[in-house]
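Engineer: Let me begin by handing over the structure; questions about it come next.
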Amino acid sequence: MSDVTKLIHEYLRHNKKFPHVFCAGCGHGIVLGSLVRSVHALQLPKDNVVIVAGIGCSGRMAVYVDFNTVHTAHGRALTFATGIKMANPELHVICVMGDGDALSIGGNHLIHAARRNIGVTALILNNQIYGMTGGQCSPATPQGDLSMTSPYGSLEQPFDTVELAKAAGANFVARSTSFHANQLDTLMQQAIMHPGFSVLEALTPCPTQYGRKNKFRNVVDMYTWLKKNTVKVEKLKEGDTRIPTGVFQMLDRPGLEERYSELRRSLRPEE
Amino acid sequence: MPKKKKGQTLVCVYPDWCKGCGLCVAFCPGKVLQLNALGKAEVVQPEECINCGFCELHCPDFAIAVRPKVSENGMHIRASCEPGETGGAGKTSGSDVTPQKAVVEG
Amino acid sequence: MAHRRRRKRTELFAQGNEAVAQGALLAGCSFYSGYPITPSTEIMEIMAQRLPRTEDGVFLQMEDEIASMGAAIGASLTGRKAMTATSGPGFSLKQELIGYACMVEAPLVIVNVMRGGPSTGLPTSPAQGDVQMARWGTHGDHPIIVLSASTVPECLEMTVVAFNMAEKYRTPVILLIDEVTAHTREKITIPHADELEVLSRMQPAVPPEWFKPYAEAARGVPAMAPIGQGYRCHVTGLTHDQMGYPTSRPDEVSEFMTRLFRKIDNYYHDVVLVDEYCLEDADYAIVAYGCVARSAHHAVDQARERGHKVGLLTLKTLFPFARPAVERLCMQCEHVLVPEMNMGQISREVKRVNNGRSRIRTLNRVDGQIITPSEILKAIL
Amino acid sequence: MKELQQIERFEIRLSGTGGQGLITLGRVLGHSLALGHGYNVTQTQSYGPEARGGSSRADVVVSSSEISFPKTENLDLLVALSQPACNAYYRFLKRGGVLLVDSDLVQHAPTNQFVGLPFTQLAKDKIGNELTLNTIVLGTVTHLLAFAEPRIVRKSLEETLPPKILGLNLKAFNLGLREAKRQLGEAPQIWQTAAEKSAEEELEGFED
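Chains as they are written, first to last, in my numbering: chain P, 2 to 272; chain A, 25 to 130; chain L, -14 to 366; chain E, 138 to 345.
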């Protein structure tokens, strides 16, 4: 355990300003740590890892890590990731998005990336709110919850990222939380290594925007809530309303880039 | 897996990076840490650390390191956290300190 | 030279759209992502056919125009020469990421086959209504290169030029053609590889730890390190410093923005391409581009036959605007006619340059029909 | 190879209904004149919903010198394979131009000065495949165009058509050529007559 932090620091861009931009208690930092630990555990060379991020709090993650990093436009991260992966299938492309990025403005890109089964890892940091713009309602905000744009409680039903990704045909679908760091590490490694399109949803509390508006007294309350209200999917019983975590879908279809190379090979005249 | 044996470790907190969220304080099984007057985490009962690693894994700011007192080769015995070992403030040289560039987007 | 002439070149009877695709392949394009839209679809169809048969070519049909742009930029960042093609409504969607490409200085070619607009407009009819949009479509101040082509062989030629400029200046280049040019069939000759100048972006000349991805290099354009080759750069749509990291420091922002403009301004004379026809002794000039330039050419011939000293300036580069050439013309000629298939998008530029010297007249048509030589002749005589 | 005949801008429109294969016809004719013969050629066509069902047309401009305006303004040859197409485009035919129609499908030609063959009928009866209609027309058009070499057009057909349907189409092409020679007479004669008639009309005067 002891070298964890040392290791993380090895992967950070030290000419970048730390502490990072995330608020006190923001789960994004924990996910960032998990990402670095996973890449290290898998022994992926830094040069072969590409982090493609969208816009929002999660988007800022890219700048801190010493990989190839691309901070794209709001919602479009997956389209860039698709281009990068197809252009150079050797690369491990990890796409970091928030719930607004992945489910709202980039919702179409998400389902098509899943349908296409492009070999990209989509890491969706779901904090159930638009954090960077000041706490507006997102497509993951639970019905009835408060935000700057749902001052009387959200009327809309939120997306279930896992169900959406499953239905769209993603090869690997999993969920964890920033409270369950060990589980997050394991799933992250699986998600990165699984061929085809992988979706990993990480529930990360947003104490500043979501917590304050929804009667969480402090950061710790939000993590306690995560602890109490999530359950491993294997242990989920009938009638349990807690949020299941774990692996939800594991298919074995080849990624688009593999199918494409095969096509290219088949079109090659025999030499 | 971490050994549940007390007193084998040093818990180091880098106050410059700590934002005082209190996660480590709240979830530490040994109550090793506390928030000080400045709102930063501080080690108050180092001997109670059971090396579970929760604080290190869950510090969103990479501001905590849990290190064994005896280093890998068994020779060096540490009494305190040394700068440079853990990156962060130690690794950032003085000349690199620029005013925080806050860029807001939306 | 002699032995070259003896080698047989491939000749095709092809549409403008096909010529664009051929040009792209000749220029080294190995990545195409797009979304079908009339009247540009043939470009995509040909790329779908050809690219998988090349060494490393990638063709992707994306879920929309925005995604096509995103994938193309992503590919460009890995070192590929990438292209996407579209028409009016799709071009509107692409604007967001055209701005991104300008910001991160990603070489990229965007072809827009103009059709009648606004909105769905006239999907199968020609127009030239996207000229100012090509210049100013994306938000924020930015430089951009906009090229046009008026004949089928020129579609091939200008696509190669577009790729070369994109690579040389690290910028997205927009090639504007119109439905007439895109769908007209003409003979094109495919040049041999050694007959073409094909440029590629400058690579870093220093080891990774010394590399500053957005520092002005020798020619004023930063070198570009492809993703995955040891230069672990940060690419961001935020205004960034020389290292590519976000900044809002006024001094760094200002330096960045001025460099962005300077890198194209410095090469103004390389970038601005025009064709002059019968202008030496002209006292009446026509400024045209795209398919209308062909009508104008015809009209000039007819007018000359009748003894009128009419000349034609064809703009192959629309932006940056050909200020010196137009200025010269405005000093020389008493009248200048700007026929175009919009309500006056280039004539506005001509008037700005003219500054009262010459009488600028416009001839506009926005009904989905090409301006004919006889209409131009009538306007002149 | 024979010296190329020098021609001034010569405009052809092939028109009819969708499904008659006029776009292909235009493309093959253009291909042959441009690559086979070596003329400057531009070929344009109607597009979109208009081209699916309803009317259909392909235009070809041929010239020995460079072609500036790629579209047609004054037609030298109008091929109309339907009554509506004939009605719509006849006014673009220039004085001295030739109108070629499908004599079964265009029963009310807007002028008495035209040439016609029952193309659709020929395709059905002589070739046994209606889809070869356009190739028969190509044969006839080749006969009409003094500057077009049947040998070269035939070669272009070989270059552009898939082998599966080539044999049938070559047969159709020859049929078109033969029937034109037999029923319409020699090409120079046809153009001569057209020019004379239009001159007569001019003398009679249409100005009011």
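We put the beta carbon where it would ideally sit given N, CA and C, even for glycine.
1) Can you check which of these residues, Pro90(P), Leu124(P), Met133(P), Leu264(P), is closest to Asn49(P) by C-alpha distance?
2) Starting from Asn165(L), find everything on chain E with Cβ-Cβ shorter than 8 Å and list it in chain order.
3) Out of Gly154(P), Thr6(P), Phe198(P), state which residue places its alpha-carbon closest to the alpha-carbon of Thr81(A).
4) With DSSP as the reference, identify every bridge partner of His113(P), one or two as the case may be.
5) Measuring straight from C-alpha to C-alpha, what distance separates Val1(P) and Ala65(A)?
6) Which word fits Ala283(E), buried or exposed, when buried means at least 16 other C-beta atoms lie within 10 angstroms of its C-beta?
7) Closest Cβ-Cβ distance between Ile106(P) and chain A: below 8 Å?
8) Give me the chain L residues within the contact set of Gly167(E), using Cβ-Cβ distance strictly less than 7 Å, ordered along the chain.
9) List, in chain order, every chain P residue whose beta-carbon is nearer than 8 Å to that of Pro74(L).
10) If we count Cβ pairs, one from each stretch, closer than 8 Å, do we get three or more for the stretch 39 to 51 of chain A versus the stretch 126 to 146 of chain P?
11) For the putative contact between Met68(L) and Tyr17(L), defined by C-beta atoms under 8 Å, what is the C-beta separation to the nearest angstrom?
12) Which of the three DSSP states is assigned to Leu201(P) in this structure?
13) Contact check, Val235(E) vs Ala331(E) under 8 Å by CB: the rounded distance?
14) Could you check what DSSP says for Val131(P) in three-state terms: helix, strand or coil?
15) Of all the residues that make up the stretch 77 to 88 of chain A, which are near chain P by a beta-carbon distance shorter than 9 Å?
16) Under three-state DSSP, which class holds Gly108(A)?
17) Grab me the residues of Leu348(L)'s own chain with a C-beta within less than 8 Å of its C-beta, minus the 5 sequence neighbours each way, in chain order.
18) Hey, Leu159(E) and Gly153(E): beta-carbon distance below 8 Å or not?
19) Given this structure, state the Cα-to-Cα distance separating Leu36(P) from Leu165(P), to the nearest angstrom.
20) In the DSSP assignment, what residue or residues form a beta bridge with His320(L)?
21) Would you call the stretch 104 to 124 of chain P and the stretch 190 to 198 of chain P in contact, with 3 or more CB pairs under 8 Å?
22) Which partner residues of Gln46(L) appear in the DSSP bridge assignment?
23) I'd like to confirm the pairing. Which residues does DSSP put opposite Phe(-2)(L) in its beta bridges?
24) So, at 7 Å on beta carbons, what are the nonlocal neighbours of Pro140(P) in its own chain, with the 5 sequence-adjacent residues on each side left out?
25) How many whole angstroms separate the CB atoms of Gly313(E) and Thr277(E), which I take to be in contact at a CB cut-off of 8 Å?
26) Would you mind working out which of Tyr176(E), Gly175(E), Pro247(E), Thr161(E) sits nearest Arg194(E), comparing C-alpha positions?
27) What residues from chain P crowd round Gly16(L), counting only those whose CB sits closer than 9 Å?
28) Check the C-beta distance from Ala70(L) over to Val98(L) and give it rounded, since I have them as a contact under 8 Å.
29) Run down chain A in chain order and give the residues with a C-beta less than 7 Å from the C-beta of Lys214(P).
30) For Asn75(A), count the other beta carbons within 10 Å of its own beta carbon; 16 or more makes it buried, fewer makes it exposed. Which is it?
31) What residue range is occupied by the uninterrupted beta strand (DSSP E) comprising Cys223(E)?
32) For Ala25(P), return the contacting residues in chain A, with the cut-off set at a CB-CB distance below 7 Å.
33) Going by DSSP, what residues sit across from Asp233(P) in a beta bridge?
34) Between which two residues does the beta strand (DSSP E) carrying Thr70(P) extend?
35) Name the residue from Arg350(L), Val351(L), Met316(L) whose alpha carbon lies nearest to the alpha carbon of Lys336(L).
36) Residues in its own chain within less than 7 Å of Pro207(L) by CB, not counting five upstream and five downstream?
Structural biologist: The relevant details are as follows:
1) When only C-alpha atoms are compared, the closest one is Pro90(P).
2) Reading the sequence as shown, one finds Val at residue 165(L) and not Asn. Ordered by position in chain E, the residues that pass the 8 Å Cβ test against Val165(L) are Thr181, Pro207, Lys208.
3) Here residue 81(A) is Leu; the residue named in the question, Thr, does not match the sequence. Of Gly154(P), Thr6(P), Phe198(P), the residue nearest in Cα terms is Thr6(P).
4) Looking at the DSSP output, His113(P) bridges to nothing.
5) What the structure shows of chain P is the stretch from 2 to 272, and residue 1(P) is not part of that stretch, so it cannot be assessed.
6) With a 10 Å radius around the Cβ and a threshold of 16 neighbouring Cβ atoms, Ala283(E) comes out exposed.
7) At a cut-off of 8 Å between C-beta atoms, Ile106(P) does not count as an interface residue with respect to chain A.
8) Here the neighbours are Phe(-2), Arg170.
9) In chain order: nothing, as chain P lies at least about 16 Å away.
10) no
11) 5 Å
12) strand
13) 5 Å
14) The displayed chain sequence assigns Tyr, not Val, to residue 131(P). Tyr131(P): strand per DSSP, three-state reduction.
15) Gly77, Phe78, Glu80, Leu81, His82, Cys83, Pro84, Asp85, Phe86, Ala87, Ile88
16) Here Gly108(A) scores only 46 on pLDDT, less than 50, and its place in the model is too uncertain to base an answer on.
17) Cβ within range, chain order: Leu322, Val323, Pro324, Glu325, Ile356, Glu360, Ile361, Ala364.
18) yes
19) 23 Å
20) Tyr269(L), Arg344(L)
21) yes
22) Beta-bridge partners of Gln46(L) (DSSP): Gly19(L).
23) Lys172(L)
24) Asp100, Leu104, Ser105, Pro159, Phe160
25) 4 Å
26) Thr161(E)
27) It should be pointed out that residue 16(L) corresponds to Phe in this sequence rather than to Gly. Near Phe16(L) (Cβ distances below 9 Å), the residues of chain P are Gly84, Met87, Ala88.
28) Yes, Ala70(L) and Val98(L) are in contact; Cβ-Cβ is about 7 Å, under 8 Å.
29) Chain-order list of chain A residues neighbouring Lys214(P): empty, with the shortest C-beta distance near 17 Å, by a criterion of under 7 Å.
30) buried
31) First-last for Cys223(E): 220 to 226, but that is the alpha helix (DSSP H), not the beta strand (DSSP E).
32) Lys43, Gly44, Cys45
33) Inspection of the sequence shows that residue 233(P) is occupied by Lys rather than by Asp. Beta-bridge pairing links Lys233(P) to Thr246(P).
34) 69 to 72
35) Taking Lys336(L) as reference, the option from Arg350(L), Val351(L), Met316(L) with the minimal CA-CA separation is Met316(L).
36) Glu90, Arg155, Pro198, Tyr199, Ala200, Glu201
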